[in-house]
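Taking the numbering used here, I'd label the letters of the sequence shown as residues 38 to 255. Report on one structure; see the data block that follows.
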Amino acid sequence: MPDVSPLLRLALTHPSYANEQGQRETNQRLEFLGDAVLGLLVGEMLYHRFPDLPEGELTMRRAALVCEESLARLAEEQELGAQLRLGRGEEQSGGRQKPSVLADTFEAVVGAYYLDHGFEATRDWVRGMFAPLLDHPPLPLRDARSRLQEFAQDHGLQVEFQLVGQEGPAHRPTFTVAALVDGQERGRGDGPSKQEATAHAAAAAYRSLTEASSAESR
């Protein structure tokens, strides 16, 4: 996480907080800028990393890398949720854990970093976060379960999901689901709903199975 500057503090200012405090400025303009910067830098990385891929494939890979789920995970790694300035209502509704809020905040932070440090420094910072993801872009959660089921059917495997935990207050629970493949746990996921926890578990299991399959074929 970059050092705090006035711009970075603004990037961490959610509209709900600004509205309560009577402030005009929020992180939305920085979010707009950060979205553009990310699109350019991630596109540049993909262009050089995959010289033989056509435009359509590059576009899909970029979309997977800068989708809400992917940016929210990076925001969690940077612990942005804990540093957000939220209004009371957004705080009470679990705003610090909402993927949409985290993804928007991540883009705003990128915008602030760009203005504070310039293009080259931002390119280096973004490369450090996204380079490990280029070969295996995050799987969008909406596709995770179907991708896992397709892989399992192609390889004659049985998939089932089990709820293995539930924590937190009734108005903001966290569910934990395990993905079992032929009776063996291959992924586990958490989420504010059983559906989202299942999607995270499916994505983890799919990643585990495909990586193992790739290693066996080498």
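For each residue, glycine too, the CB sits at the ideal point set by N, CA and C.
{"Item": "Euclidean distance between Cα positions of residue 48 and residue 209", "Value": "26 angstroms"}
{"Item": "Extent of the continuous beta strand (DSSP E) run through residue 153", "Value": "Element bounds for residue 153: not the beta strand (DSSP E) but the alpha helix (DSSP H), 136-154."}
{"Item": "Residue 192 versus residue 223: straight-line alpha-carbon distance, rounded", "Value": "15 angstroms"}
{"Item": "Start-to-end residues for the alpha helix (DSSP H) that takes in residue 227", "Value": "From DSSP, residue 227 is part of no alpha helix (DSSP H) but of the beta strand (DSSP E) over 221-228."}
{"Item": "Residues sharing a beta bridge with residue 167, DSSP", "Value": "Beta-bridge pairing links residue 167 to no other residue."}
{"Item": "Where residue 97 falls, given that 16 or more other Cβ within 10 Å makes a residue buried", "Value": "exposed"}
{"Item": "Cβ neighbours of residue 135 in the same chain (closer than 6 angstroms, five flanking residues each side left out)", "Value": "none"}
{"Item": "Rounded straight-line distance, which links the Cα of residue 80 to that of residue 185", "Value": "27 angstroms"}
{"Item": "Three-state secondary structure (DSSP) of residue 122", "Value": "strand"}
{"Item": "Top-ranked residue by Cα proximity to residue 206, from 129, 198, 162 and 234", "Value": "129"}
{"Item": "Sequence-distant residues of the same chain with beta carbon closer than 6 angstroms to residue 120, five excluded per side", "Value": "49"}
{"Item": "Buried or exposed (CB count within 10 angstroms, at least 16 for buried), residue 89", "Value": "exposed"}
{"Item": "Spatially closest choice to residue 183 from 242, 203, 125 and 51, by CA coordinates", "Value": "242"}
{"Item": "First and last residue of the uninterrupted alpha helix (DSSP H) at residue 106", "Value": "105-114"}
{"Item": "Other residues of its chain near residue 170: CB distance less than 8 angstroms, five sequence neighbours each side excluded", "Value": "102 and 107"}
{"Item": "In DSSP terms, what residue 204 is bridged to", "Value": "211"}
{"Item": "Unbroken alpha helix (DSSP H) run spanning residue 72, endpoints", "Value": "65-86"}
{"Item": "Rounded Cβ spacing between residue 142 and residue 64 (contact assumed at less than 8 angstroms)", "Value": "7 angstroms"}
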